[in-house]
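Single-structure report; data block below.
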Amino acid sequence: MRRPIIAGNWKMNKTPSEAVELVKALIPLVKDAEAEVVVCPPYISIAAVAELIKDTNIELGAQNVYFEKSGAYTGEVSIDMLKEAGVRYIIIGHSERRQYFNETDENVNKKAKAILAAGLRPIICIGETLDQREKGITNDFVSMQTKLALNGIEEAELENVVIAYEPIWAIGTGKTATALEANETISAVRNAVREIYGEEGADKIRIQYGGSMNPKNASELMAQSEIDGGLIGGASLKGEDFSKVVKF
Ligand code: PGA
């Protein structure tokens, strides 16, 4: 059985003091959650959030990372830095990073391998544009993104890999894929994993839905057989809303 995982992607929101406030509000609200709960604050708040959640059921995530060990990469943050700070999950390949910061499938793959080698867990984001959905190439496109991201990763590592299927047209727009659409596309993603790794690999990888997931639609999405969790943007910025999604 795959344990559900709900992760909050705060994006470029919350100053350090606001981050502390949000996490303090969240801790009691999610303490009995059955799902795994992850928060991904901006880098600058990671240390403060780590301190607050260290004896709780909340896990810490980051929103990006660079794959090189160390060196002359001004402005970047390494996996070891995040690991020492208490991070367990790292979001990579978010569509906003692909769109605004030239993140490529090749980089996403390098990051995924380096994260796993360090004993941490990547949350690999994939998803189609509205144009691709309208042209009917969604399943092909997300299958390709999945295969490129997982290239060179061993089957045994898949239990530490999370994929977040996020249709780009549903992110921050208030438009959600219907639960059936999301389930169908995630099923195609799992099939792509099955093609490479077989049934066992496909069974153990966790696949989230992301894109305007909120307290109202979370239970229907989570009731789908292929959906193992959610990557939550807007609705993760309020403790009350996020805790409702966590408890779907
Ligand atoms: P949203 O963002 O929930 O605000 O649509 C999700 C995401 O981009 O991870």
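This note's numbering numbers the first residue of the sequence shown as 786 and each following residue consecutively.
A virtual CB, placed ideally from N, CA and C, is assigned to each residue, including glycine.
Asked	Found
Assigned secondary structure, L811 (DSSP; H/G/I helix, E/B strand, else coil)	helix
Simplified DSSP assignment, three categories, for A820	coil
Close Cβ partners of V805 (< 7 Å) along its chain, the five nearest in sequence each way excluded	A833, L837
R991 beta carbon less than 8 Å from that of I791	no
Cβ-Cβ separation, T970 to T923 (assumed contact under 8 Å), whole Å	6 Å
Inter-residue spacing [alpha-carbon to alpha-carbon] between I843 and P826	12 Å
Status (buried if at least 16 other CB within 10 Å, exposed otherwise) for M1007	buried
Inter-residue CB distance, K895 and I938 (contact presumed, cutoff 8 Å)	K895 to I938, Cβ: 11 Å. No contact.
Neighbourhood of A955 by C-beta, 7 Å cutoff - its chain only, sequence neighbours within 5 removed	T961, A962, G996, S997
Beta carbon of Y885 nearer than 8 Å to that of E940	no
Local Cβ density within 10 Å of A949, reported as buried at 16 or more and exposed below that	buried
Sub-8 Å separation of I875 and I911 beta-carbons	no
Contacts around K816, its chain only, beta-carbon distance under 8 Å, and the 5 residues preceding and following it disregarded	T841, N842
Rounded straight-line distance, which links the Cα of R918 to that of Y851	30 Å
In chain order, each beta strand (DSSP E) run of at least 3 residues that lies wholly inside the segment 927-963	947-950
L901, DSSP secondary structure in three states	helix
Cα-Cα separation between G846 and D916, rounded to whole angstroms	31 Å
Span of the alpha helix (DSSP H) around N1022	Here residue 1022 is Leu; the residue named in the question, Asn, does not match the sequence. No alpha helix (DSSP H) contains L1022, which DSSP labels as neither H nor E.
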